[in-house]
Structures are given as structure tokens and as C-alpha cells.
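Asks:
Residue numbers (my numbering): 1378 to 1649.
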């Protein structure tokens, strides 16, 4: 699919984006101490199928790895992304990053949100807040005649100013009739450098930020990526369409934020 989407394609992507947003909210209802991460995965999978869609992550293949076995990526504490749901039981104070993808009528939706289980440490609350703000700043940079570098520079600058580690091995991406399409959208870069943004592009902006080092390693399961120093990690992701009037966020966190309570309810910035 072209990196420039037609109005019809954008409308289809908006429907997929809405479903993935509602799926994350359904998962949010079940995040509590004592709940196994496999339960979260089952909740998401049932919800996706019940709405006539397919889980985008289940069976996903990458290089020589076995197919991804689950409908969600559930990454706990120092896990950055691609955590495989299983027998782990959530505990008070855990950070839970949930990444979800759906395919609806041939179009994909993709979004992520980091939840707190009970009371978080002040450091983890700050990590979540800054990561969310960085995503918002990156989104605000997604304008016609801007560049991919503008997005990455905005994200990196904000996180670096707060002493956080910006993971470089993992990036955002285009999305359409495939889950991952061009262009890559790194969370670092230089202003006015890189691919020029154009009206009709739909991209996923998703900072993955560590409390400590930016370095990561891959667990023995071949999928789960963790911070190298064991520090906490946060991950937020929105699907964004570039329009003449500014960024149009196709996904939403409003469904989630009807369920969770402060201080984990992040406030969106204004693009006006």
C-alpha cells in the first residue's frame, strides 16, 4: 500500500484504530493484583474476534523466530516490548505495557498503553508521564512539510532532558493494509532531517523509554526485549494521520481513561 492513504483508506484505518482502542480499554478493566497476564490476552482475543476482526500479533513472523503466540504483547516492569502473556500474576506496583494490534476488513490498527497496578513509585509515575508527554510532542511534530527527524528530535529532547533512556533499536512505523509499512519512525533524530511528511501518511508514533539506560537485550524466548540494567520501561503508541490542519490521531485513549484513575490518567496536549 502507498505511504499516502486515500480518504477511503483513512476511514477504514480509523475503524481499525477505534477497535484497538476499545480492546485496550477492555483489557484495562482486568488489570489488578493477582491477575495472570494470560487472562489479559484471552480478554483481548475474545473481544477482537467478537467484533469481526483478527488479532494482528498472533502468528506474526519476524526473521527466524517462531510465530508470536499471543494476541497481546504484555511487557512487565523492565520489559520494553514484545512480552509474551503467560502465568505471571500481576503485583502491586507493577508497570504493565500492553501493545495491541487488530486487522479489520483488511486494515490494521495498533496502539499501546502503560498501566500501573495499584500504587506506583514516584519514579515510575514520572517515567510514564514523561513518556506520554514525549509521544504527544512527537505527534505535534507530524505536520505536512515536516520530517521524520522532527518527530524523533521532539521525543528524544523531552526524554533526554528528564534523564531517561530512549531505546534506539525499536521504532514506530507506517501502517495500512500491513501492520508494519514504511516509513520507520525513530524516537530520535535531527530537526528538518529524514523523510519529508506528506498529507495522507498514517504512522504509528510510539516512544519506548527506560528509566535508566537506553540499552536493551532480548530474553531467551526470542521476543521479549528488556532494559539492560533492569530499570522500568514505559511505552505509549498512537496512530496518526498527517493532514493539512495538523495531526489527526486515529486511535484514542479516551476509552481507557474512563476506567483508570489519576495519577495514571495522562493529559493530552493541545495542538492548536
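Glycine is no exception: its CB is placed at the ideal position from the N, C-alpha and C atoms.
Suppose the cutoff is 7 Å on Cβ atoms and the five residues either side in sequence are ignored; what does the same chain contact list for residue 1559 look like?
Replies: Hits under 7 Å: 1380, 1551.
Asks: Output the residue ranges of the beta strand (DSSP E) runs that lie fully inside the segment 1521 to 1590 and measure 3 residues or longer, sorted by chain position.
Replies: The qualifying runs are 1549 to 1551, 1558 to 1562, 1579 to 1582, 1585 to 1587.
Asks: Quick one: using the 10 Å Cβ neighbour count with 16 as the cut-off for buried, is residue 1409 buried or exposed?
Replies: Answer is exposed; the Cβ neighbour count stays below 16.
Asks: Figure out for me which residue from 1530, 1566, 1512 has the closest Cα to the Cα of residue 1617.
Replies: The shortest C-alpha separation from residue 1617 is found at 1512.
Asks: Is residue 1636 helix, strand or coil by DSSP?
Replies: Residue 1636: coil per DSSP, three-state reduction.
Asks: In the DSSP output, what is residue 1625 paired with across the bridge?
Replies: Bridge partners of residue 1625: 1618.
Asks: From residue 1396 to residue 1478, what does the alpha carbon distance come to, in whole angstroms?
Replies: Looking at the two C-alpha atoms, the distance is approximately 9 Å.
Asks: Mark residue 1598 as exposed unless 16 or more other C-beta atoms lie within 10 angstroms of its C-beta, in which case mark it buried.
Replies: Exposed, by the Cβ-count rule.
Asks: From residue 1524 to residue 1571, what distance separates their C-alpha atoms?
Replies: Approximately 6 Å between the Cα atoms of the pair.
Asks: For residue 1596, count neighbouring C-beta atoms within 10 Å of its own C-beta (all shown protein chains included) and say buried if the count is 16 or more, exposed if not.
Replies: Flag for residue 1596 reads exposed.
Asks: Where does residue 1444 fall in DSSP's three states?
Replies: Of the three classes helix, strand and coil, the one that applies to residue 1444 here is coil, per DSSP.
Asks: Roughly how many angstroms separate the alpha carbons of residue 1425 and residue 1400, rounded to a whole number?
Replies: Near 7 Å, if we compare the C-alpha coordinates of residue 1400 and residue 1425.
Asks: In three-state DSSP terms, what is residue 1399?
Replies: Residue state, collapsed to three classes: helix.
Asks: Assuming residue 1601 is part of the alpha helix (DSSP H), what are its boundary residues?
Replies: Element bounds for residue 1601: n/a, residue is neither H nor E.
Asks: Under 7 Å Cβ to Cβ from residue 1468, same chain only, skipping five residues before and after it: list those, please.
Replies: 1410, 1494.
Asks: Going by alpha carbons, who is nearest to residue 1574 out of 1521, 1584, 1563, 1557?
Replies: That would be 1521, whose Cα lies nearest to the Cα of residue 1574.
Asks: Tell me whether residue 1512 sits in a helix, a strand or coil according to DSSP, three-state version.
Replies: Residue 1512: helix per DSSP, three-state reduction.
Asks: What are the complete beta strand (DSSP E) segments, minimum 3 residues, inside the segment 1466 to 1506?
Replies: Complete beta strand (DSSP E) runs here, min 3: 1472 to 1481, 1484 to 1493.
Asks: Which class does residue 1459 belong to by DSSP, given the choice of helix, strand or coil?
Replies: Note: residue 1459 maps to coil in three-state DSSP.
Asks: Going straight from the alpha carbon of residue 1398 to that of residue 1438, what length do you get?
Replies: Rounded to the nearest angstrom, the two C-alpha atoms are 23 Å apart.
Asks: Classify residue 1565 as buried or exposed, calling it buried when 16 or more other Cβ atoms lie within 10 Å of its own Cβ.
Replies: So residue 1565 ends up on the buried side.
Asks: In terms of alpha-carbon separation, which member of 1459, 1391, 1510 lies closest to residue 1444?
Replies: When each option's Cα is compared against that of residue 1444, the closest is 1459.
Asks: Between the alpha carbons of residue 1549 and residue 1590, how many angstroms are there, rounded?
Replies: Their backbone Cα atoms lie some 20 Å apart in a straight line.
Asks: Is it the case that the Cβ atoms of residue 1633 and residue 1611 are separated by a distance below 7 Å?
Replies: Their beta carbons are not under 7 Å apart, which means residue 1633 does not touch residue 1611 by this criterion.
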